[in-house]
């Protein structure tokens, strides 16, 4: 049986396509050889457990170490009863050791100890009894909170000086965040430790990154080796572009193509298949995408994402906790400048935030299709102008992301008309105060061939105190049109000044000439 693209839980060797653990965490073996205690962190669904399990298996199989990955998740429900949490974790260790380690490497009976020293005494007894240096991977360490977390970290620090013969030679903490960002209090309190002091023996903090383009190609090549079905180079490149290497998305796109769309293995997988899979994933809002979408309403996420979606720069300190939290969720890129992590997340975020507005759009998409199959874009703009004039105040008030509400309403209208047949690509010009939209509409021409009608739109907002943004918008749009190789485009300017004319008086459509000599349609609303 051929292997599969996995999107649920850790990958299994021989069953799922996998990227070798060492290539994803090349620094880890060296740190373990140094008897280092270190941290590995990354957003959910990036392959942490898969990578660390593979690394533990490799270390044990090589014969030099006894390595075990175990989850601290069982200690979550105990709250601040750190004795109960320690016993739950130790029970998990014993069960996993029986499954994963040969008998001579498994832990001895745990010694009697006070509740505050259960972990340190258990690890000490195991290290002394084990014929090899002990390496422990504490997965989901940040499931522990409050005094339970502090107790575990402190006990690890207390035993550290006894390594490698009287305590584990290397300990790796694995979670969503770095040590200083672990929650210091239980329950819903988002405060952090703010320091690594309970674990100041940490040698390094490693962030498990997304797949590189070469790793995406290597993963897809495993499918080709098993089945003979080829991913064309353009298809691989498009998958890299859409996912930015996010491991769950990379696997989910391929699984959608291979299993759900079920492209015959005799056919190559093309860019068209990748685009179709992307649309299906977004519309289905699979578990991973849905869990991210659920975070958008949180104030701390909105505080980071709202200015990004508006095309402005978030006024946040690089060490701001909300920024770290949103980054650790995987919603934004790990490095500055702040931007949404990948184009698929772009689309999911936009569709989630525009869902309520889109439900208010009663326009029939078929009314905008001409007899020759092309999209009547002029009619679309006129209909939106009427829709905005009638419903603007109600719709804007109903959107939580208030700073970007008008743009979201426009995108909702556009999505209602175009969705199903055409595609809308969104680009947020962070720091440039703009959102660029690229519409691609398929139609069959008189020659019987399939063609694509393309339209480019730039969205701008005029805030209180701003001068008219039209001149700058024209220059920016010229640049965007040059990149898309289009002869003309559209600018939509929303006026949000308190002293602006009433919406029914200021909403109108004009044609102007850009600095490059293009005829540009301008909708003021």
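Residue numbers (this note's numbering): 53 to 577. Beta carbons: idealized from backbone N, C-alpha and C, even for Gly.
Strand pairing of residue i, partner residues [DSSP]
| i | result |
| --- | --- |
| residue 505 | 493 |
| residue 190 | 122, 225 |
| residue 56 | 68 |
| residue 283 | 321 |
| residue 514 | 547 |
| residue 400 | Residue 400 is not bridged to any residue. |
| residue 421 | 427 |
Local conformation of residue i per DSSP, three classes
| i | result |
| --- | --- |
| residue 118 | strand |
| residue 302 | helix |
| residue 88 | coil |
| residue 607 | Nothing about residue 607 can be read from this structure; the chain reaches only from 53 to 577. |
| residue 545 | strand |
| residue 574 | strand |
| residue 256 | strand |
| residue 330 | helix |
| residue 453 | coil |
| residue 478 | strand |
| residue 93 | strand |
| residue 313 | coil |
| residue 488 | strand |
| residue 148 | helix |
| residue 238 | Confidence is the limiting factor: at residue 238 the pLDDT is only 36, short of 50, which leaves the residue's position unreliable and the question unanswerable from this model. |
| residue 448 | helix |
| residue 74 | helix |
| residue 413 | coil |
| residue 392 | strand |
Buried versus exposed, by CB contacts within 10 Å (16 or more), residue i
| i | result |
| --- | --- |
| residue 387 | exposed |
| residue 145 | buried |
| residue 339 | exposed |
| residue 217 | exposed |
| residue 234 | buried |
| residue 358 | buried |
| residue 349 | exposed |
| residue 86 | exposed |
Inter-residue spacing [alpha-carbon to alpha-carbon] between residue i and residue j
| i | j | result |
| --- | --- | --- |
| residue 519 | residue 510 | 17 Å |
| residue 565 | residue 364 | 26 Å |
| residue 507 | residue 269 | 32 Å |
| residue 236 | residue 168 | Legend: pLDDT at residue 236 = 47, less than 50; position of this residue unreliable, no value from coordinates given. |
| residue 558 | residue 407 | 26 Å |
| residue 450 | residue 81 | 52 Å |
| residue 555 | residue 417 | 25 Å |
| residue 433 | residue 575 | 8 Å |
| residue 505 | residue 378 | 37 Å |
| residue 531 | residue 361 | 20 Å |
| residue 252 | residue 354 | 33 Å |
| residue 239 | residue 197 | The predicted position of residue 239 is uncertain, since its pLDDT is 40 and thus under 50; no value can be drawn from it. |
| residue 231 | residue 410 | 42 Å |
Residue range of the unbroken alpha helix (DSSP H) whose run includes residue i
| i | result |
| --- | --- |
| residue 561 | No alpha helix (DSSP H) contains residue 561, which is instead part of the beta strand (DSSP E) from 560-565. |
| residue 278 | 265-279 |
| residue 376 | 373-380 |
| residue 184 | No alpha helix (DSSP H) contains residue 184, which DSSP labels as neither H nor E. |
| residue 337 | Here residue 337 belongs to no alpha helix (DSSP H), and DSSP marks it neither H nor E. |
| residue 200 | 198-211 |
| residue 360 | 351-362 |
Cβ of residue i within 7 Å of any chain D Cβ
| i | result |
| --- | --- |
| residue 267 | Annotation note: the requested chain D is absent from the structure, which comprises a single protein chain. |
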